[in-house]
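Chains as they are written, first to last, in our numbering: chain E, 3 to 300; chain P, 1223 to 1366.
See below for the structure under consideration.
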Ligand SMILES: [Zn+2]
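Structure representation (structure tokens):
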């Protein structure tokens, strides 16, 4: 079974992924992972070291072999078509993980390949394994989604992670507050979609205030997004998660981030018990093991 | 007054939004290779809209499927099938549920614009269409 877009999953599918990831967590803790046969091909047409390593590590922990297609150095440079490239690698592997800058590329690849295709990110569109691991992290750390107060903070316009996460959180009935500087708000289309589909009730703000939040999910604001250099600097400053922002927050509030982070979260915050992004990244392993296993089961 | 022959057998597309007649021809896939006569009248006076385009195509009865595609560029267009000089069927273009192989995804980062693959879109509420590849939503008029 392919995994192309979070938008086509239903609640029961996501819950199935949770259950499988949990089982993988148990197996990893007992150091007794049920081994699988087969080869996973990673095809990264643009660099994303973490996603690639995470999928490769997940495959290795399942006892599978990994072959890596190096997009930058391959025949693509010589003008081979996308279709031929996919069909060829399809002959070498049992599962294909693809990352590609063009939107819809994973969907198209899944139509050329017989092996299941897992989308490791297609441009600004989807990155479903990230969304699944984010939701799994929230479930693991916080339990119930109902009543969970989640703030999505930063550039909500350009961050693909945030759009899918909003979709997932709305699916499970969490309370979501969207915190973004003016001009970098979540696309109205994405907001409308979750309102219509899940009856999501959302809050919007331009100001940082973590009071009452159970979860703060941060993403980076790039200076290039602003025309005005002064505005860019001041927004960047405001949306950098400073230690004083953590005064008066709930004791068990957690901060998540898809990583890599640059300067939007300073090192002082890393030491705080609220900072849980490295644990979040670790959850990528059981979730991606679950995704690979489910893909092979058809 | 400019006159154009009536046709005995074929299709008349009426009430096309002024200026959209050429797009309708494109959607029908009709060009100089089409074996019969085709007349496109633009800026025809209209009581309702001021002016409109009219298209007369000899020799084919435009299918319902193609009729619906016309709605993408001109939601109020009507399609009349003519046989033996009489109107045998009159239908209104309605936005189709699914579109494939016509139009263009307006997203330059969409894979369907860089690979040779047929476009595909699915209708969403309020005149929207979602691309089957990049999953972005567009207004019907943006696709053609
Ligand atoms: Zn598209």
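Note that CB positions come from ideal geometry on N, CA and C, so glycine has one too.
Predicted model, so just to flag it, every value in this text is computed and none were measured.
Chain-ordered chain P contacts of residue 109 (chain E) [CB-CB under 9 Å]: Counting from one through the first chain, the residue named residue 109 (chain E) turns up at place 107. What residue 109 (chain E) touches in chain P: 1333, 1354, 1355, 1356, 1357.
The region 231-248 of chain E / the region 160-179 of chain E touching (three or more Cβ pairs under 8 Å): no
Ligand 1 heavy atom lying under 6 Å from the CB of residue 1351 (chain P): By one-based count along the second chain, residue 1351 (chain P) stands at place 129. Result no, Cβ not under 6 Å from ligand 1.
Residue 266 (chain E) versus residue 1320 (chain P) - alpha carbon distance: On the first chain, residue 266 (chain E) is found 264 positions in, with the first residue counted as 1. On the second chain, residue 1320 (chain P) is found 98 positions in, with the first residue counted as 1. Their Cα atoms are separated by approximately 43 Å.
Alpha-carbon to alpha-carbon, residue 155 (chain E) and residue 298 (chain E): On the first chain, residue 298 (chain E) is found 296 positions in, with the first residue counted as 1. On the first chain, residue 155 (chain E) is found 153 positions in, with the first residue counted as 1. Cα to Cα, residue 298 (chain E) sits roughly 36 Å from residue 155 (chain E).
Three-way DSSP call (helix, strand, coil) for residue 1307 (chain P) in this model: Looking up residue 1307 (chain P) in the second chain gives position 85. If DSSP states are grouped into helix, strand and coil, residue 1307 (chain P) belongs with coil.
6 Å CB neighbourhood of residue 1278 (chain P) in its chain, flanking five on each side removed: Taking the second chain and counting its residues from 1, the one referred to as residue 1278 (chain P) is at position 56. Once the five neighbours on either side are set aside, the close Cβ partners of residue 1278 (chain P) are 1229, 1234, 1261.
CB contact below 7 Å: residue 1322 (chain P) versus chain E: Counted from its first residue, the second chain places residue 1322 (chain P) at position 100. Not an interface residue.
Chain-ordered neighbours of residue 1329 (chain P) on chain E, where CB pairs are closer than 7 Å: Taking the second chain and counting its residues from 1, the one referred to as residue 1329 (chain P) is at position 107. Under the 7 Å cutoff, chain E gives 105.
Ligand 1 heavy atom lying under 6 Å from the CB of residue 1356 (chain P): Within the second chain, the letter at position 134 stands for residue 1356 (chain P). Yes; taking the cut-off as 6 Å, the Cβ of residue 1356 (chain P) has a heavy atom of ligand 1 nearer than that.
beta-carbon residue 151 (chain E) near ligand 1 non-hydrogen atom, thresh 6 Å: Taking the first residue of the first chain as position 1, residue 151 (chain E) is located at position 149. The answer is no for residue 151 (chain E).
Range covered by the beta strand (DSSP E) that runs through residue 124 (chain E): Position 122 of the first chain holds residue 124 (chain E). 119-124 is the extent of the beta strand (DSSP E) around residue 124 (chain E).
Contact set for residue 1361 (chain P): own chain, Cβ-Cβ below 8 Å, skip 5 residues either direction: Taking the second chain and counting its residues from 1, one reaches residue 1361 (chain P) at position 139. Excluding residues within five positions, the ones whose Cβ falls inside 8 Å are 1349, 1350, 1351.
Cβ-Cβ separation, residue 208 (chain E) to residue 183 (chain E) (assumed contact under 8 Å), whole Å: On the first chain, residue 183 (chain E) is found 181 positions in, with the first residue counted as 1. On the first chain, residue 208 (chain E) is found 206 positions in, with the first residue counted as 1. Contact flag correct, Cβ pair sits at about 6 Å.
Endpoints, beta strand (DSSP E) assigned at residue 1164 (chain P): Residue numbering for chain P in the displayed model covers 1223 to 1366; residue 1164 (chain P) lies beyond these limits and cannot be assessed.
Integer-rounded CB distance, given that residue 140 (chain E) should sit under 8 Å from residue 217 (chain E): For the purposes of this step, residue 217 (chain E) is identified with residue 215 of the first chain, where counting begins at 1. For the purposes of this step, residue 140 (chain E) is identified with residue 138 of the first chain, where counting begins at 1. Confirmed, Cβ separation roughly 6 Å.
Cα-Cα separation between residue 1289 (chain P) and residue 1251 (chain P), rounded to whole angstroms: Indexing the second chain from 1 puts residue 1289 (chain P) at position 67. Indexing the second chain from 1 puts residue 1251 (chain P) at position 29. Spanning the two alpha carbons is a distance of roughly 12 Å.
With 16 other Cβ atoms within 10 Å as the buried cut-off, status of residue 51 (chain E): Your numbering for residue 51 (chain E) matches position 49 in the first chain. With fewer than 16 Cβ atoms within 10 Å of its Cβ, residue 51 (chain E) is classed as exposed.
Nearest-angstrom Cβ-Cβ length linking residue 1366 (chain P) and residue 1325 (chain P), presumed shorter than 8 Å: For this step, residue 1366 (chain P) is matched to residue 144 along the second chain. For this step, residue 1325 (chain P) is matched to residue 103 along the second chain. Between residue 1325 (chain P) and residue 1366 (chain P) the Cβ distance is about 5 Å, and since that is below 8 Å, they are a contact.
Alpha helix (DSSP H) segment containing residue 282 (chain E), residue limits: The sequence position of residue 282 (chain E) within the first chain is 280, counting from 1. Per DSSP, residue 282 (chain E) belongs to the alpha helix (DSSP H) from 279-284.
Residue 9 (chain E): contacting residues in chain P (beta-carbon distance under 7 Å): Taking the first residue of the first chain as position 1, residue 9 (chain E) is located at position 7. By Cβ distance, chain P contributes 1357.
Residue 1336 (chain P): contacting residues in chain E (beta-carbon distance under 7 Å): Position 114 of the second chain holds residue 1336 (chain P). Near residue 1336 (chain P) (Cβ distances below 7 Å), the residues of chain E are 104.
Positions along the region 112-138 of chain E whose CB lies within less than 9 Å of some CB in chain P: 113, 124, 125, 126, 127, 128
Sub-7 Å separation of residue 223 (chain E) and residue 157 (chain E) beta-carbons: Locating residue 223 (chain E) in the first chain gives position 221, where the first residue counts as 1. Locating residue 157 (chain E) in the first chain gives position 155, where the first residue counts as 1. In this structure, residue 157 (chain E) lies closer than 7 Å to residue 223 (chain E) by Cβ.
Under the three-state DSSP convention, the category residue 293 (chain E) falls into: Sequence index remark: in the first chain, residue 293 (chain E) carries index 291 (1-based). Helix, per DSSP.
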